[in-house]
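To start, the structure itself, in C-alpha cells.
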Amino acid sequence: MSDSSWGVPPQSGYWGPTERGPVQGAAPAGPTYDAPQAQQTRPMPIVPDVPAYGGDQDDDRGAARLGGPLFRDGTPHPAQLQAPNATQSPAQNLSQNPEPMSDAPQPAPAPQKKSAGRDLSAAIGVGVGLGVVIVASLFVRKAVFVGVVAVAVVVGLWELTSRLQERKGIKAPLVPLAVGGAAMVVAGYVRGAEGAWVAMALTALAVLVWRMTEPPEGYLKDVTAGVFAAFYVPFLATFVALMLTADDGPWRVLTFLLLTVVSDTGAYAVGWRFGKHKLAPRISPGKTREGLLGAVLFAMVAGALCMQFLIEGGSWWQGLLLGLAVAGSATLGDLGESMIKRDLGIKDMGTLLPGHGGIMDRLDSLLPTAPVVWLLMVIFVGSA
C-alpha cells in the first residue's frame with residue numbers, strides 16, 4: 001500500500017521539501033511553530049474511525065487498516081494502542097492483535113495402529129473350541145453332527161427373530177420356525193432334497209397359521225419375515241445334511257467348513273494388512289477389494305489341496321474352481337448379513353460367542369456357501 005493511501009504526500013528524496021505547501025487533508029498540527037520547526041514537523045494523516053465489520057473477510061480488512069506503523073520512525077498510531085473495542089468480537093480483536101507464532105517445528109502426531117475391532121484372544125479360543133466340537137461330532141457319528149446343526153439352526157432363528165422384534169417391531173413366530181427348522185435339517189439327512197423341500201413348505205404353512213392367533217395388524221410383515229427366516233437359516237443349512245449323506249460325507253463337510261474358514265481368514269488377513277480400496281462401503285465399510293483377492297487366493301489353494309487329498313475322485317483343478325466359488329459365496333453371504341444388521345442398526349446378532357458375536361454372525365458366510373459346495377461336489381464327484 002502506498003504512502004498516499006494514508007494521506008501522506010508522495011516521496012521525493014526522503015520526505016520532500018516543505019516548499020510544496022500544506023498537505024491536502026492533513027489535520028492541523030496543534031499550536032503554531034516557527035518555520036525551522038515546521039520543516040522538521042511530519043504531517044500526520046487523518047485516521048478514520050475503524051468500523052466494526054462482520055464476517056471473516058471483514059475481519060481481515062479491519063486488521064489491515066491497523067496493521068503496521070503509520071510513521072517513519074516505527075511509532076504506532078495511538079489508535080493501535082487503544083483497548084479492544086467492546087463492540088468487536090473476540091475473533092476480531094484476536095485478528096487485529098495476533099500472537100506471534102513459534103518457528104519451532106511441531107511434532108508429528110503418532111501414527112495409530114490398526115485395530116482388529118474384536119478381542120482376538122477370545123475369538124481364537126472360542127473358534128478353536130467350536131472347531132473341536134464340530135469335527136469330533138462329524139467323525140464320531142453322523143447323527144450327532146446332524147443334531148449339532150439342528151441346535152445351531154434353532155439358536156440362529158432365535159437371534160434373528162429377537163433382533164427383528166427389538167429393532168423393527170416384527171413378530172416372526174419363533175415356535176413354528178424352530179420346530180420346522182430342526183425338522184428341515186433332519187428331513188434333509190433322512191429323505192434327501194425331497195424331504196427338505198416338503199419340510200420347508202410345511203414350515204411356511206405353519207408360520208401363516210400360527211400368526212392368525214394374533215390381531216391382524218402387521219400380519220403381512222410378520223409372516224413375510226417368518227418365511228424369509230425359514231429359508232435363510234434352516235433351509236440353507238439342510239445342504240450340509242445333504243452333503244453328509246454321501247459315503248465320504250464327513251470329508252465333504254470338512255472341506256466345506258475348511259474352505260469357508262480359510263476364505264474368511266484370507267480376507268481378514270490381507271484386508272487388514274494391505275486393504276485400501278473399499279469393496280462395499282455403504283454395506284460393510286471394513287471390507288476391501290484387497291481382502292476379497294486374499295479370500296480368493298487362500299480359498300483356491302485350500303480347495304486344490306482338499307479336493308486332491310481329501311475327496312475321493314477329486315482333482316486339484318476342481319479344487320481351484322471350488323475355492324473360487326466358495327470365496328464368492330462366502331463374501332456375498334457376509335455382505336448379506338451385514339445389510340440386515342445395518343438395516344436393524346446393530347453390530348452383532350447376539351452375544352453368545354465372545355469375540356464373535358452370536359451364532360448368526362458365524363453362520364453368515366456358511367449358510368449361502370453350503371448349497372454351492374453341495375452342487376459342485378455333485379457335479380465333480382457325484383452324490384454317492
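Residue numbers (full-length UniProt numbering): 1 to 384. Ideal Cβ positions, reconstructed from N, Cα and C, are used throughout, including at glycine.
Run through DSSP, which three-state label would residue 121 get?
helix
Exposure of residue 194, with buried meaning 16 or more beta-carbon neighbours within 10 Å
exposed
Close-in-space but distant-in-sequence residues of the same chain around residue 152 (CB under 8 Å, 5 per side omitted)
237, 359, 363
Note down the Cα distance separating residue 177 from residue 186, rounded to an integer number of angstroms.
14 Å
Express the C-alpha separation of residue 232 and residue 192 in angstroms, rounding to a whole number.
Going from the Cα of residue 192 to the Cα of residue 232 covers about 18 Å.
So, residue 230 versus residue 169, is the Cβ gap smaller than 8 Å?
no
In angstroms with no decimal places, state the Cα-to-Cα distance between residue 375 and residue 215.
42 Å
Residue from 350, 264, 368 with nearest C-alpha to residue 157:
350
Taking the alpha carbon of residue 325 as the point to measure from, which residue in 138, 130, 366 has its own alpha carbon closest?
366
C-beta contact flag for residue 284 and residue 330 at 8 Å
no
Note down the Cα distance separating residue 353 from residue 347, rounded to an integer number of angstroms.
Looking at the two C-alpha atoms, the distance is approximately 14 Å.
Under 8 Å, do residue 259 and residue 323 count as touching if we go by C-beta distance?
yes
Using the Cβ count rule (16 or more neighbours within 10 Å means buried), how would you classify residue 273?
The residue in question, residue 273, is exposed, as its Cβ has fewer than 16 Cβ neighbours within 10 Å.
Using only the alpha-carbon positions, how far apart do residue 305 and residue 316 sit?
6 Å
Pull the bridge partners of residue 181 from the DSSP assignment, please.
Bridge partners of residue 181: none, in fact.
Under the assumption that residue 267 contacts residue 294 (Cβ atoms under 8 Å), give the Cβ distance between them as a whole number of angstroms.
5 Å
In the DSSP assignment, find the beta strand (DSSP E) that holds residue 384 and state where it starts and stops.
Run containing residue 384: none; DSSP gives neither H nor E here.
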